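Peer 1:
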Amino acid sequence: RESALWVHTGFHTSVLTTRIDVARDVPVADVVVIGGQQVTTLERTALDLLINREEHAVKYICELVRAGTSIDAIEKLANQRSLGGVVGARTILKQLPRDLGSLTFSQSP
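As structure tokens, then:
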């Protein structure tokens with residue numbers, strides 16, 4: 166979640182000051198290698214943040230859209246996965262503007 170967000174965008178959250186999160190049992194299609202390290206794709210990272218960090222997810226997703234994904238791509242992945250909490254994530258994604266990456270937020274979560 167936050168660790169992959171940081172790898173993809175450089176966006177630092179307060180969670181990263183106390184721990185690094187590690188994903189387990191992630192489908193190979195949801196993983197990319199960056200700098201020799203496996204990390205979840207932009208879309209999977211967004212989906213994980215929507216499911217697990219809903220209160221901050223929209224600003225995090227803005228950063229991921231700026232890094233190269235889109236709301237449509239995240240929504241497509243959400244419709245392909247059956248994860249706990251994904252129904253709520255789908256509901257949020259349907260409500261988001263497609264130009265979400267143009268919004269700006271401060272770095273403090």
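Sequential numbering from 166 applies to the sequence shown in this note's numbering. Ideal Cβ placement from N, Cα and C applies to all residues, glycine included. Keep in mind it's a predicted model, so treat the numbers as computed, not measured.
Which residue wins for smallest C-alpha separation from Ala211, given the options Thr234, Ala194 and Gly200?
Peer 2: Residue 211 sits at position 46 when you count from the first residue of the sequence shown. If we check each option's Cα against that of Ala211, Thr234 comes out closest.
Peer 1: Please check the pair His173 and Ala254, which I expect to be a contact at CB under 8 Å, by giving their CB distance rounded to whole angstroms.
Peer 2: The count along the sequence shown starts at 1 and reaches residue 173 at position 8. The count along the sequence shown starts at 1 and reaches residue 254 at position 89. About 18 Å; that fails the 8 Å criterion.
Peer 1: From His221, Ile239 and Ser247, pick the residue whose C-alpha is nearest to that of Ser179; which is it?
Peer 2: Against the sequence shown, residue 179 aligns to sequence position 14. Of the listed residues, the one whose Cα sits closest to Ser179 is His221.
Peer 1: Out of curiosity, what's the CA-to-CA distance linking Ser168 and Arg263?
Peer 2: As a position in the sequence shown, residue 168 is number 3, starting the count at 1. As a position in the sequence shown, residue 263 is number 98, starting the count at 1. One C-alpha to the other measures close to 25 Å.
Peer 1: Do Ile216 and Gly250 come within 9 Å of each other at the CB atom, strictly closer than that value?
Peer 2: Start at 1 with the first residue of the sequence shown, and residue 250 comes out as number 85. Start at 1 with the first residue of the sequence shown, and residue 216 comes out as number 51. For Gly250 and Ile216, yes; Cβs fall inside 9 Å.
Peer 1: Any idea what DSSP makes of Thr205, helix, strand or coil?
Peer 2: Taking the sequence shown and counting its residues from 1, one reaches residue 205 at position 40. Here Thr205 sits in strand by DSSP.
Peer 1: How long is the line joining the alpha carbons of Leu258 and Val252, rounded to whole angstroms?
Peer 2: Taking the first residue of the sequence shown as 1, we reach residue 258 at position 93. Taking the first residue of the sequence shown as 1, we reach residue 252 at position 87. Distance between the alpha carbons of Leu258 and Val252: 10 Å.
Peer 1: Alpha carbons only, please: which of Gln245, Glu228 and Lys241 is nearest the one belonging to Leu170?
Peer 2: Mapped onto the sequence shown, residue 170 falls at position 5. Closest by alpha carbon: Glu228.
Peer 1: Exposed or buried, what is Thr205 when buried is set at 16 or more other beta-carbons lying within 10 Å of its beta-carbon?
Peer 2: In the sequence shown, the residue the question calls residue 205 occupies position 40. Its Cβ being crowded by 16 or more others within 10 Å, Thr205 is buried.
Peer 1: Report the residue ranges of all beta strand (DSSP E) runs contained in full by the stretch 197–253; include only those spanning at least 3 residues, in chain order.
Peer 2: List check, beta strand (DSSP E) in window: 202–205.
Peer 1: If Asp195 sits next to Arg209, beta carbons under 8 Å apart, how far is it from one beta carbon to the other, in whole angstroms?
Peer 2: As a working mapping, residue 195 is identified with position 30 in the sequence shown. As a working mapping, residue 209 is identified with position 44 in the sequence shown. About 4 Å; that satisfies the 8 Å criterion.
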